[in-house]
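Q:
Residue numbers (our numbering): 470 to 695.
1. Give me the Cβ distance between residue 644 and residue 575, rounded to the nearest whole Å; I'm assuming they're in contact under 8 Å.
2. Going residue by residue through the segment 475-528, where are the continuous alpha helix (DSSP H) segments of at least 4 residues, counting only ones entirely within it?
3. If you draw a straight line from the alpha carbon of residue 595 to that of residue 584, how long is it in whole angstroms?
4. With which residues is residue 545 paired in a DSSP beta bridge?
5. Report the rounded CA-to-CA distance for residue 617 versus residue 554, giving the unit in angstroms.
6. Can the beta-carbon of residue 532 be found less than 8 Å from the beta-carbon of residue 524?
7. Taking 8 Å as the cut-off, does the segment 543-560 touch the segment 507-522 (at least 3 CB pairs, one atom from each stretch)?
8. Drop a sphere of 10 angstroms on the beta-carbon of residue 621, count the other beta-carbons inside from all chains shown, and report buried for 16 or more, exposed for fewer.
9. Please state the DSSP three-state secondary structure of residue 639.
10. My understanding is that residue 578 touches residue 499, with C-beta atoms under 8 Å, so please give their C-beta distance in whole angstroms.
11. Measure the Cβ-Cβ separation of residue 505 and residue 636 and say whether it is below 8 Å.
12. In whole angstroms, what is the alpha-carbon distance linking residue 615 and residue 604?
13. Give a yes or no on whether the C-beta atoms belonging to residue 544 and residue 581 are separated by under 8 Å.
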């Protein structure tokens with residue numbers, strides 16, 4: 470029994486220390502990423518001399534950054550927990566991970582795309598979309614899961630370092646994706662019936678749900694790609 474207890478204690482110590490290392494590395498990189506995002510927005514302002522193009526940076530606490538770009542807002546959110554993958558995931562067959570299983574634990578930065586007006590007008594019912602997830606391990610190596618270019622450009626975790634160049638590229642691709650992802654009107658039957666409260670409140674807080682695809686298109690695309 471003492472041997473088993475000792476093994477459990479060692480496991481708890483090693484796993485806790487590992488997760489703290491991953492968290493610390495992710496937070497350090499995220500803080501750098503925030504500065505890159507702010508600098509990129511300032512660079513855009515110098516190139517785009519038109520006040521109608523919204524370019525604004527906001528922090529929402531220590532773990533969330535809002536980058537307003539035109540009619541969109543990109544939300545970069547660092548999760549406070551550390552994650553790994555299921556045992557049957559292909560990640561464990563990656564030679565880089567096989568060499569050191571601790572490399573398979575990651576901090577996560579989620580990238581969401583919302584309409585800017587959803588935030589500015591506090592339209593709490595509006596939909597946003599996850600366009601990317603950045604996974605960072607204890608060594609500062611990373612990979613990205615996501616839509617469009619984010620889904621295939623950053624898959625080689627062995628060679629990917631989450632440095633300034635990578636941060637700029639991920640931000641610029643995210644901006645490009647948001648700009649190209651246009652607002653579509655929903656099917657008529659989906660918005661043909663509303664209640665009195667929705668109409669009355671929509672004049673002040675726009676509670677009629679709005680999103681770039683209002684759910685139906687994006688979900689269809691996801692199902693189609695499975």
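The beta carbon of each residue, even a glycine, is placed where N, CA and C say it ideally should be.
A: A quick look at the data gives this:
1. Here residue 644 is taken as the residue at index 175 of the chain shown, counted from 1. Here residue 575 is taken as the residue at index 106 of the chain shown, counted from 1. Residue 644 to residue 575, Cβ: 24 Å. No contact.
2. none
3. Taking the chain shown and counting its residues from 1, the one referred to as residue 595 is at position 126. Taking the chain shown and counting its residues from 1, the one referred to as residue 584 is at position 115. Distance between the alpha carbons of residue 595 and residue 584: 8 Å.
4. Walking along the chain shown from the start, residue 545 turns up at place 76. DSSP, once it has assigned bridges, lists 534, 580 as partnering residue 545.
5. Numbered from its first residue, the chain shown carries residue 617 at position 148. Numbered from its first residue, the chain shown carries residue 554 at position 85. Computed Cα separation, rounded: 22 Å.
6. On the chain shown, position 63 is the one that residue 532 refers to. On the chain shown, position 55 is the one that residue 524 refers to. Result no, Cβ atoms of residue 532 and residue 524 do not sit closer than 8 Å.
7. no
8. Working through the chain shown from its first residue, we reach residue 621 at position 152. By the 10 Å Cβ count, residue 621 comes out exposed.
9. The residue you call residue 639 lines up with position 170 of the chain shown. Reduced to three states, the DSSP call for residue 639 is helix.
10. As a working note, residue 578 is residue 109 in the chain shown. As a working note, residue 499 is residue 30 in the chain shown. That pair is a contact at about 6 Å.
11. Looking up residue 505 in the chain shown gives position 36. Looking up residue 636 in the chain shown gives position 167. Yes, the pair counts as a contact, with Cβ atoms nearer than the cut-off.
12. For the purposes of this step, residue 615 is taken as residue 146 along the chain shown, with counting starting at 1. For the purposes of this step, residue 604 is taken as residue 135 along the chain shown, with counting starting at 1. Cα-Cα distance, rounded: 11 Å.
13. Taking the first residue of the chain shown as position 1, residue 544 is located at position 75. Taking the first residue of the chain shown as position 1, residue 581 is located at position 112. Yes, Cβ-Cβ distance for residue 544 and residue 581 is below 8 Å.
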